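Residue numbers (the numbering used here), protein chains in the order written: chain W, 4 to 112; chain F, 4 to 112; chain E, 9 to 88; chain R, 9 to 88; chain L, 14 to 127; chain X, 14 to 127. For each residue, glycine too, the CB sits at the ideal point set by N, CA and C. The structure displayed is predicted, hence computed values, not measured ones. See below for the structure under consideration.
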């Protein structure tokens, strides 16, 4: 993993299933901030993580340049809809497909 | 507390600040089920508890006859709106006012 | 009469020194039922144990109906 | 090179026997910083400690910039 | 006035702690609240920086506690074990023993555990 | 195929455990997943009744594990301490020691802790 870090940008994938009004929120922000300077960052929200779709401060992640994906199944189950157009509807199947394309996977459950 | 239980119906107040996709959900359901046979039940949702407003299964609580209140401030902060008309907008100030009217207070944080 | 009815969800985290052994009652609920109590005045929620496939002796089991009655009778309830 | 970079949020719950003392690094983050480590290879997130008003010796402090660099260099990251 | 006990037992730098104080402040308008910090919960009252943790500050809530029926307590052994003394807290607090907490809970009509 | 380890360490009868299995199943389509149950997490694989807990059942997820690259492991001491043996689990599991878990984590390219 990361053997080509000098040639191509390193890619970081976060998977977040914890609630946005919990302690992981600040940690995620800090890590996305420092890692987005070192490569590409994507965050996949699933489970209770889809509540990030409704927390206004989630925009900071977008402003840092991160790609924001969410599990449509989890969102539907929780009656959550994204009001923001910068969250992209996705699925755990898609997570499975993209995971091997990332150099580092960082999981907040 | 509860001295007049034979004359008037006993009143039970639940305060819930935990997430609906957590273990308290089933416990709350079970307790509301057995207590609503013994008196009046109200549930006040605050903090992460306002996510109950979006969980479809919350309707079971209503069907059991419980009054469902929520902290409008918490809901606003989380970008949560109730799609269901059986949740009544309220506040912690109102919680403060009504608390002394209840015989038993049961809190799930 | 029970003074405080303690409903305990997480045993590891519970400050059991706050329990008044003479007048209180403790009932383990949720995943609290995974640890069977041996103390006097401590019980296990029957349905919560059954739902988890945990066997509990009848003499320390309390049903939700029992718990409701205890809530009515106790001075107050503390959920830990 | 670090094999596994462990970011530990809850120390009480952490299975530290899974750490490879030779090749891994442990950094306490979030409320994990309330317990100052004494083991070799264990560090504390500087900003997380500062935000909580906790003082940490410089030789065991790692900033978020340090952590980012370690994430880049480590084979993988485990958040506990 | 109802006698209510609040027990904050952990997660001192969190939205949960914020919520505990916010609800406690409100309940204090119409009830008598003994708000007790135990275990890691005692850190809530120390000097820390919520804005760095994306959490709303507690100052306003703590300030307003003076105008309602809320009394703040810190468990003595919890403070001691963490090397915290009176001057480490942002507000004047009352130290209280485990035995006294037990007594307050015994006499309470409602208890909120956070 | 990426080598991925899943560690479920608690909350066996929860939406969190459900989510762990759901995500693990999906990841197992394109990666090699070693899904390890430790501590109270081992109860997830015993006979219990999710419908009584307002949780979706795990049967379907566990059944489908056979069609993807997911191998299920139960830590031996965690099972032993809880008096659980092979026949107590709803699926055939592999028992694994703490040392072997350490080895799997060492060789993994990504680790999901639940």
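At a cut-off of 8 Å between C-beta atoms, residue 44(E) does not count as an interface residue with respect to chain F. With a threshold of 16 other beta carbon atoms within 10 Å, residue 125(L) meets it and is buried.
As the crow flies, the alpha-carbon of residue 80(L) is around 10 Å from that of residue 74(L). Residues of the segment 56 to 71 of chain R whose Cβ lies closer than 8 Å to any Cβ of chain L, in chain order: 58, 59, 60, 61. In the structure shown, residue 112(F) falls within a coil segment according to DSSP collapsed to helix, strand and coil. Considering only 55(R), 88(R), 23(R), 86(R), the residue with the shortest C-alpha distance to residue 74(R) is 55(R). Boundaries of the alpha helix (DSSP H) harbouring residue 29(L): 28 to 43, taken from the DSSP string. With contacts defined by Cβ atoms closer than 8 Å, residue 108(F) and residue 18(F) form a contacting pair. With its beta carbon less than 8 Å from one in chain W, residue 39(X) belongs to the interface. DSSP places residue 35(E) outside any alpha helix (DSSP H); the residue lies instead in the beta strand (DSSP E), whose first and last residues are 33 to 36. Here residue 32(X) is buried: its Cβ has 16 or more other Cβ atoms, across all protein chains shown, within 10 Å.
Three or more Cβ pairs closer than 8 Å define a contact, and the segment 97 to 111 of chain X meets that threshold against the segment 50 to 59 of chain X.
The beta strand (DSSP E) runs lying completely inside the segment 66 to 98 of chain W and spanning 3 residues or more are 70 to 74, 90 to 93, given in chain order.
In the three-state scheme derived from DSSP, where H, G and I count as helix and E and B as strand, residue 28(F) is classed as helix. For residue 47(X), the pairing in a beta bridge is given by DSSP as 18(X), 84(X). Apart from sequence neighbours up to five positions away, the residues of its chain that approach residue 31(E) with a beta-carbon distance below 6 Å are 11, ordered along the chain. The Cβ atoms of residue 114(L) and residue 87(L) lie no closer than 8 Å to each other. Per DSSP, residue 123(X) lies in no alpha helix (DSSP H) segment; the continuous beta strand (DSSP E) that holds it begins and ends at 123 to 126. Using a Cβ-Cβ cut-off of 8 Å, residue 79(E) counts as an interface residue toward chain F, since at least one Cβ of chain F sits closer than that to its own. Distances from the alpha-carbon of residue 92(X) to those of 51(X), 42(X), 85(X) put 51(X) closest. Straight across, the Cα-Cα distance linking residue 89(X) with residue 76(F) is about 48 Å. Take the alpha-carbon of residue 48(E) and the one of residue 79(E): they are about 19 Å apart. Closer than 8 Å to the CB of residue 90(L) there is not a single CB belonging to chain R. Residue range 107 to 109 is occupied by the beta strand (DSSP E) that includes residue 107(L).
Contact between residue 13(F) and residue 41(F) holds, since their C-beta atoms are separated by about 6 Å, short of 8 Å.
Relative to the Cα of residue 79(F), the nearest Cα in the group 71(W), 80(W), 60(W) belongs to 60(W).
In the three-state scheme derived from DSSP, where H, G and I count as helix and E and B as strand, residue 57(F) is classed as helix.
Residue 48(R) sits in coil when the DSSP states are folded into three classes, being neither helix nor strand.
Near chain F, meaning a CB-to-CB distance below 7 Å, the residues of the segment 46 to 71 of chain W are 51, 54, 57, 58, 59. Under a 10 Å Cβ-count criterion, residue 88(F) is classified as exposed, with fewer than 16 other Cβ atoms of the shown protein chains found around its own Cβ. Check the Cα spacing between residue 16(X) and each of 70(X), 37(X), 22(X): the tightest is with 37(X). CA-to-CA, the gap between residue 49(F) and residue 119(X) works out to about 43 Å.
Using a Cβ distance threshold of 8 Å, residue 84(E) and residue 105(L) do not count as a contacting pair. For the segment 15 to 38 of chain F, the set of residues with a beta-carbon nearer than 9 Å to any beta-carbon of chain E comprises 15, 26, 27, 29, 30, 33, 34, 36, 37, 38, in chain order.
Of all residues in the segment 36 to 66 of chain X, only 65, 66 come within less than 9 Å of chain F when Cβ atoms are compared, listed by chain position. When Cβ-Cβ separations below 8 Å define contact, residue 32(R) makes no contact with chain W.
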